[in-house]
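Numbered according to the numbering used here, the sequence shown spans residues 90 to 338.
Heads up: the structure comes next, in structure tokens.
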Amino acid sequence: MPDRATTSSDETVKELRNARAILTRLNGGLVVSCGARPGNPLEGAETMARMARAAELGGARGVRVTGTRDIEAVQRASTLPIIGVNRIEHRDSPVTITPTIASATAILGTGVKLIALDGTGRRRPDGERLDAIVAAIHAHGALALGDLSTIDDLAPAVRAGVDAVGTTLSGVTAGSPAGAGPDFTLLAELVKRSPVPVYAEGRFWTPEEVTRALGSGAAFVVIGTAITNPMAITSRFVSAIDAMTPDTR
């Protein structure tokens, strides 16, 4: 009879295999990020659940959801694969996307098998290390998706064991100036050099940008603001109107 340690290890291997199958289901498709920051009238788990259901009916392959309450609400409303995130701010670190083992463990408690986390080399709370967080995620039979900001983040993230990498933090960190649209340059570099799947995320606004990213080798594309944030969408239109000159009004 196999000992308990062997049985547990076998179960983890099986769960990781299942998690990879879930990640593969996202290939060639759109993942909708369903989230609302404090101050947004749409903030709330039930609203995010409706957002996720609407995304599913619209043909999305998956959703990216922040926090245990929102995730659990989405699980009740939608059958789509979920990329789980825990966004937590700390005084001693700029890292907020699943920054610690504890923050990852909380999300893992919902049963989600894809966990996104900050994959940069920036200091984490209490000096925690990326490889330790990734190992904790793997120990629960889940995969770690590393949100990157520059090509320099790739090699350390891969060494830490991440299972996929994305352009999510381009333009967010000090070393990656933000452009008006998606960072196709970073996407191309990641696709060329990464031994793990690459997802595109950040500043996507049009279907043409999405198809360009997929055509450039992205496994899937994540969109949030352009789909799920009417405040930002409205502001974008209003800003365009405000920029008009008297001659064009």
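Quick reminder that beta carbons are idealized off the backbone N, C-alpha and C, glycines included.
Residue i in three-state terms, based on DSSP
i      : result
Leu279 : helix
Gly117 : coil
Arg109 : helix
Gly173 : strand
Glu290 : strand
Thr314 : helix
Arg180 : coil
Leu131 : coil
Ser192 : helix
Asp150 : Rather than Asp, the amino acid found at residue 150 in this sequence is Arg. DSSP places Arg150 in coil when its eight states are reduced to three.
Thr155 : strand
Ser98  : helix
Ser324 : helix
Integer-rounded CB distance, given that residue j should sit under 8 Å from residue i
i      : j      : result
Asn129 : Met320 : 6 Å
Phe326 : Arg301 : 23 Å between Cβ atoms; not a contact.
Asp236 : Leu219 : Not quite, the Cβ-Cβ distance comes to about 11 Å (not below 8 Å), so this is no contact.
Gly198 : Thr157 : 7 Å
Leu206 : Ile186 : 6 Å
Ala125 : Glu132 : 4 Å
His227 : Leu105 : 7 Å
Arg212 : Ser182 : 5 Å
His179 : Pro214 : 4 Å
C-beta contact flag for residue i and residue j at 8 Å
i      : j      : result
Val184 : Ala231 : no
Val120 : Val152 : yes
Ala221 : Ile204 : no
Gly270 : Glu290 : no
Ile190 : Ala225 : yes
Asn116 : Ala308 : yes
Leu275 : Ile240 : yes
Asp242 : Gly216 : no
Val208 : Ala244 : It is worth fixing the name first, because residue 208 is Gly in this sequence and not Val. Not a contact, by the Cβ cut-off of 8 Å.
Ser305 : Ser265 : no
Thr317 : Ser122 : yes
Asp99  : Ala134 : no
Notebook entry, point to check: Taking only runs of the beta strand (DSSP E) that begin and end inside the segment 206-268, which ones reach a length of at least 3 residues, in chain order?
Noted result: 232-236 and 253-255
Next item on the list: Determine contact between the segment 160-168 and the segment 132-147, defined as no fewer than three beta-carbon pairs at a distance below 8 Å.
Entry: yes
Next item on the list: Take every Cβ of the segment 238-252, pair it with every Cβ of the segment 282-290, and state whether three or more of those distances are shorter than 8 Å.
Entry: yes
Notebook entry, point to check: Contact between the segment 288-297 and the segment 308-319: three or more CB pairs below 8 Å?
Noted result: yes
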